[in-house]
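In terms of this note's numbering, the sequence shown is residues 29 to 304.
Okay, so here's the structure we're looking at.
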Amino acid sequence: MAIRNLKGKRVFITGAASGIGAATAEAFAREGCELLLADLNTGGLNGTMQSIRQLGAESTSISLDVSNEEQFHQVAGDIIANSGVPHVVINNAGIGAHGSFLNTPMDVVRRVIDINLYGVYNGCHAFLPAMLEAGEPCHLVNVASLASISPMPNMSAYAASKYAVDGLTEVLAMEMSGSNVDVTCVHPGIINTPIAEGQSYNGDEGRRQEQHLGEYYQAHGSDPAVVARDIVKAVKQGRAHLWTGNKAPLTEKVKRLSPALMRRMAMKMARTIGYA
């Protein structure tokens with residue numbers, strides 16, 4: 029049940045204070061949607077809200093720690109009671125972590141999994157029952173990463189979390205087939221977002237990566253607006269998978285044709301930006 033006309037639809041987005049989340053909020057605002065925007069970064073969220081207002085769309089800001097199951101369900105209940113069931117739920121919030129497997133502390137690993145994986149689980153659990161009960165066309169969007177098929181050295185926690193999001197979303201798509209809820213897994217490639225600034229860098233190799241990562245993203249990353257526009261198209265078309273941004277579509281094709289070649293390409297790129 030693709031949502032071909034988004035005008036007046038309610039869209040809930042996590043991680044909406046910056047990057048892909050903020051750009052996606054603006055893209056849906058241009059479609060005439062009502063935005064429900066969640067993040068812990070209230071300052072950044074206010075900036076997104078201002079952009080939404082300038083586009084003439086209605087929006088509500090919500091302070092939310094996506095890893096907190098109880099808080100997420102409370103927020104979802106309040107939204108459903110006060111605004112109605114969202115037609116589109118986008119689980120986008122995420123953090124990164126860099127450093128070799130042995131140099132990445134377990135508390136960092138747990139934090140990455142809590143936000144990147146359990147944050148998505150919480151969003152699905154909090155909204156999916158009401159979306160199904162509503163009966164009208166709805167769409168669940170989970171943002172994974174290119175790292176879910178082509179990780180690089182020194183990002184084990186991040187890659188593990190995104191592989192899990194990919195698997196979770198694939199299962200949900202199968203379980204929701206034939207229902208009123210479409211499910212999309214988004215795999216952004218190299219995107220010029222502030223995520224590089226907020227990542228955890230561990231060990232000497234992590235610190236080396238920190239020196240190069242932001243510069244590389246700025247030089248080679250796609251604008252988040254590219255991802256945002258593609259997410260809107262995916263919702264309208266009811267697509268199950270979306271490969272978007274620099275290197276993502278090509279990487280997906282190479283991975284299918286030759287996993288060994290993909291690994292060699294990943295290692296070459298890793299050396300370029302200090303990952304190996």
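We put the beta carbon where it would ideally sit given N, CA and C, even for glycine.
Predicted model only: the values in this text are computed from it and were never measured.
Mind checking residue 163: buried by the 16 CB within 10 Å criterion, or exposed?
-> The residue labelled residue 163 in the question sits at position 135 within the sequence shown. Residue 163 is exposed by the Cβ-count criterion.
Reduced DSSP category for residue 164 - H, G, I as helix; E, B as strand; rest coil = One-based indexing of the sequence shown puts residue 164 at position 136. In this structure, residue 164 counts as coil in the three-state DSSP scheme.
CA-to-CA distance, residue 102 to residue 181, given in whole angstroms | For this step, residue 181 is matched to residue 153 along the sequence shown. For this step, residue 102 is matched to residue 74 along the sequence shown. If I take the Cα positions, the gap works out to 38 Å.
Since residue 41 is in the beta strand (DSSP E), which residue starts that stretch and which ends it?
-> Mapped onto the sequence shown, residue 41 falls at position 13. Note, residue 41: beta strand (DSSP E), 38-42.
May I ask you to verify whether the region 189-205 touches the region 136-156, counting CB pairs closer than 8 Å and requiring at least 3?
-> yes
Which word fits residue 40, buried or exposed, when buried means at least 16 other C-beta atoms lie within 10 angstroms of its C-beta?
-> Counting from 1 along the sequence shown, the entry for residue 40 is found at position 12. Its Cβ being crowded by 16 or more others within 10 Å, residue 40 is buried.
Pairwise C-alpha distance: residue 85 and residue 171 = To locate residue 171, count along the sequence shown from 1; it is residue 143. To locate residue 85, count along the sequence shown from 1; it is residue 57. About 24 Å.
Can you check DSSP and say which residues form a bridge with residue 118?
-> For the purposes of this step, residue 118 is taken as residue 90 along the sequence shown, with counting starting at 1. DSSP output for residue 118 lists 41 and 169 as bridge partner(s).
Can you tell which of 166, 91 and 217 has its C-alpha closest to the C-alpha of residue 206?
-> In the sequence shown, counting from the first residue as 1, residue 206 sits at position 178. When only C-alpha atoms are compared, the closest one is 166.
Those residues which DSSP pairs with residue 65 across a bridge | Translated into positions along the sequence shown, residue 65 becomes position 37. DSSP output for residue 65 lists 41 and 89 as bridge partner(s).
Tell me whether residue 260 sits in a helix, a strand or coil according to DSSP, three-state version.
-> As a working note, residue 260 is residue 232 in the sequence shown. Note: residue 260 maps to helix in three-state DSSP.
Select from 93, 105 and 169 the residue whose C-alpha is nearest the C-alpha of residue 204.
-> Residue numbering aside, residue 204 sits at position 176 when the sequence shown is read from its first letter. Residue 204 has its Cα closest to that of 169, out of 93, 105 and 169.
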